[in-house]
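Asks:
Numbering (our numbering), first residue to last: 178 to 322.
1. Do you know offhand how far residue 233's Cα is from residue 296's?
2. Run the CB neighbour count on residue 179, radius 10 Å, all protein chains shown included, and call it buried at 16 or more, exposed below.
3. Helix, strand or coil for residue 320? Go by DSSP, reduced to three states.
4. Under the rule that 16 or more other beta-carbon atoms within 10 Å means buried, what is residue 315, buried or exposed?
5. Distance, Cα to Cα, residue 202 vs residue 186?
6. Can you have a look at residue 280 and say buried or exposed, based on whether 16 or more other CB atoms are within 10 angstroms of its CB?
7. Mind checking residue 246: buried by the 16 CB within 10 Å criterion, or exposed?
8. Spell out the partners DSSP gives residue 196 in its beta bridges.
9. Near residue 238, what residues of its chain come up, given a Cβ to Cβ distance below 8 Å and the 5 sequence neighbours on each side ignored?
10. Is the beta carbon of residue 282 within less than 6 Å of some heavy atom of the ligand PLP?
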């Protein structure tokens, strides 16, 4: 993480920024960020509140985890004031996820000035659960908030 711009994700890793509300809900925890390689590893926690009628983690919650890991990586590449807006998230569900820890990884596929293409994967017990490709746009904050 050397020579990295200062942004929300880097401040979060250093303990200088609070976890955002959806990150709290998903039990998000950053495990490793390698900006030079364009990679991020996170862990989420699927809770009983995330269960569908079949007793597994509902697909929308898995999609939210994929959105969070891909957008977090895009944000980590941003300047201090930029934020990430997900323009597109294409998700493929591979197998059911159980309640409990879910590992997430993301890698930058391509980064332009404003658009970042990111691939993400969720796994549990060493087996893939879901994958996603995300298109994220880095945007500067509006004056006054």
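No residue lacks a Cβ here, since even glycine has one placed at the ideal position from N, Cα and C.
Replies: Let's see:
1. To locate residue 233, count along the chain shown from 1; it is residue 56. To locate residue 296, count along the chain shown from 1; it is residue 119. C-alpha separation (whole angstroms): 24 Å.
2. For the purposes of this step, residue 179 is taken as the residue at position 2 of the chain shown. Any answer about residue 179 is weak, because its pLDDT of 43 lies below 50 and its placement is not dependable; what the coordinates show is given next. Flag for residue 179 reads exposed.
3. Your numbering for residue 320 matches position 143 in the chain shown. Residue 320: coil per DSSP, three-state reduction.
4. In the chain shown, the residue the question calls residue 315 occupies position 138. When all chains shown are included, residue 315 counts as buried.
5. If you number the chain shown from 1, residue 202 lands on position 25. If you number the chain shown from 1, residue 186 lands on position 9. Cα-Cα distance, rounded: 17 Å.
6. Here residue 280 corresponds to residue number 103 of the chain shown, with the count starting at 1. Classification of residue 280: buried, given that the 10 Å Cβ count is 16 or more.
7. Counted from its first residue, the chain shown places residue 246 at position 69. With 16 or more other Cβ atoms within 10 Å, it is buried.
8. Your numbering for residue 196 matches position 19 in the chain shown. According to DSSP, which records beta bridges pairwise, residue 196 is partnered with nothing at all.
9. Your numbering for residue 238 matches position 61 in the chain shown. For residue 238, where only same-chain residues beyond five positions count, the Cβ hits under 8 Å are 203, 223 and 227.
10. This structure simply doesn't include the ligand PLP, nor any ligand for that matter.
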